[in-house]
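For the sequence shown, the numbering used here assigns the number 2 to the initial residue and increments by one for each residue that follows. Here's the structure we're looking at; comments come further down.
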Amino acid sequence: MSDEKKVVLITGGAMGQGRAHAVKYAENGFNVVLADMLDPEDERFQETIRELKALGAEVLAKKANICSTPDMESLFAEAWEKFGRLDVVIANAGVINFGNTWELTDEQVEKVINIDLIGTWRTDKYATQYMLKQGFGRIINIASTSGLYGTPKLATYCMAKWGVLGLTKTLAKEVGSKGIIVNALCPTKVKTPMCETQSYVEFINELTGKNFKDYKEMYAGVPFLDVEDISDMVYWLGTSRAAGKFNGRDVALDLGTLQC
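In structure tokens form, the structure reads like this:
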């Protein structure tokens with residue numbers, strides 16, 4: 002068991018935002034637990050693991066489905082056995098799909114709710130159980146500006162992310178007096194693999210009236226956050242003294258889209 006360095010656990014940690022968060026924490030001396038639907042032997046996951054180890058982090062990488070109670074029980078138990086502490090947990094894993102509300106299928110709705118909302122609850126559940134043992138910890142739920150206002154053709158994602166904010170506020174009230182801080186980060190559009198599909202490009206075209214041919218044109222024509230922008234804020238929420246002074250908050254990183 003290693004208990005000298007602080008430990009961060011990140012779901013959806015192999016690529017995209019999760020990978021950037023892991024690198025940020027490793028650069029600042031954390032050991033890292035990564036959970037993802039990818040197998041740790043997948044080259045994309047291996048690339049992340051190698052980068053973290055090169056930064057001096059000890060890494061526990063697990064294939065784990067946040068929709069599976071046994072997977073999440075095992076993930077947190079192994080992390081606790083290996084490191085003996087969990088300082089920060091980032092509920093980052095998520096998916097997205099598109100469609101007019103009245104045209105959505107049960108399968109479309111259930112998929113996003115099960116992963117983005119119930120999977121976040123399951124992550125928070127086990128994070129809280131272990132943080133209660135040690136008497137401290139910070140949980141950061143990755144929500145979205147879509148959890149703050151409606152977006153056409155994004156009903157499933159909006160429902161899930163609004164739910165994440167309700168979960169965040171409720172859990173914060175339950176455990177705030179026990180040394181555990183729970184907040185949600187609400188980024189706007191971010192340059193990640195999730196946004197590099199043709200379906201996402203078509204969604205942005207409908208939303209903006211543009212005619213981008215691919216995600217590279219889309220990135221050049223519409224403001225997007227870089228993953229490092231999110232990671233800077235996630236690190237601040239997980240480590241700064243100031244971020245320990247509020248609880249149950251939704252923090253928007255919105256490129257000014259929510260200006261009143």
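Note that CB positions come from ideal geometry on N, CA and C, so glycine has one too. Note that the structure is predicted; figures quoted are calculated from it, not measured.
Inter-residue CB distance, residue i and residue j (contact presumed, cutoff 8 angstroms)
i: leucine 61; j: lysine 83; result: 5 angstroms
i: valine 235; j: methionine 219; result: 24 angstroms between Cβ atoms; not a contact.
i: threonine 106; j: isoleucine 67; result: So it is not a contact: roughly 22 angstroms between Cβ atoms.
i: lysine 6; j: glycine 30; result: 6 angstroms
i: valine 176; j: asparagine 142; result: Not really, about 13 angstroms apart at Cβ, beyond 8 angstroms.
i: isoleucine 205; j: phenylalanine 137; result: About 41 angstroms; that fails the 8 angstroms criterion.
Bounding residues of the alpha helix (DSSP H) (the contiguous stretch that carries residue i)
i: threonine 12; result: First-last for threonine 12: 8-12, but that is the beta strand (DSSP E), not the alpha helix (DSSP H).
i: alanine 55; result: 44-55
i: alanine 244; result: Counting along the chain, alanine 244 falls outside any alpha helix (DSSP H), and DSSP gives it neither H nor E.
i: valine 202; result: 199-209
i: aspartate 277; result: With the chain running from 2 to 261 in the structure shown, residue 277 is simply not present.
i: valine 113; result: 107-113
i: aspartate 72; result: 70-84
i: alanine 221; result: 216-222
Check whether residue i and residue j have beta carbons under 9 angstroms apart
i: valine 90; j: alanine 128; result: yes
i: threonine 1; j: glycine 95; result: Coverage of the chain is limited to positions 2 through 261, which leaves residue 1 absent and any answer about it impossible.
i: leucine 226; j: leucine 256; result: yes
i: isoleucine 140; j: asparagine 184; result: yes
i: asparagine 248; j: alanine 156; result: no
i: asparagine 98; j: lysine 112; result: yes
i: methionine 16; j: arginine 45; result: yes
i: valine 8; j: leucine 87; result: yes
i: glycine 245; j: tyrosine 26; result: no
i: phenylalanine 77; j: tyrosine 158; result: no
i: glutamate 48; j: lysine 63; result: no
i: valine 110; j: methionine 160; result: yes
i: proline 153; j: leucine 254; result: no
i: lysine 162; j: aspartate 117; result: yes
i: valine 228; j: threonine 193; result: yes
i: threonine 171; j: alanine 144; result: no
i: serine 232; j: alanine 21; result: yes
i: valine 34; j: glycine 19; result: no
i: leucine 186; j: aspartate 125; result: no
Residues that DSSP places opposite residue i in a beta bridge
i: arginine 139; result: Val89, Ile182
i: glycine 100; result: Leu155
i: alanine 173; result: Beta-bridge pairing links alanine 173 to no other residue.
i: aspartate 37; result: Lys64
i: proline 188; result: Leu254
i: asparagine 32; result: Val8
Where the beta strand (DSSP E) containing residue i begins and where it ends
i: lysine 25; result: Where lysine 25 is concerned, there is no enclosing beta strand (DSSP E), although the alpha helix (DSSP H) it sits in stretches over 17-28.
i: lysine 63; result: 60-64
i: leucine 254; result: 251-254
At least 3 beta-carbon pairs within less than 8 angstroms: the region 209-219 vs the region 143-152:
no
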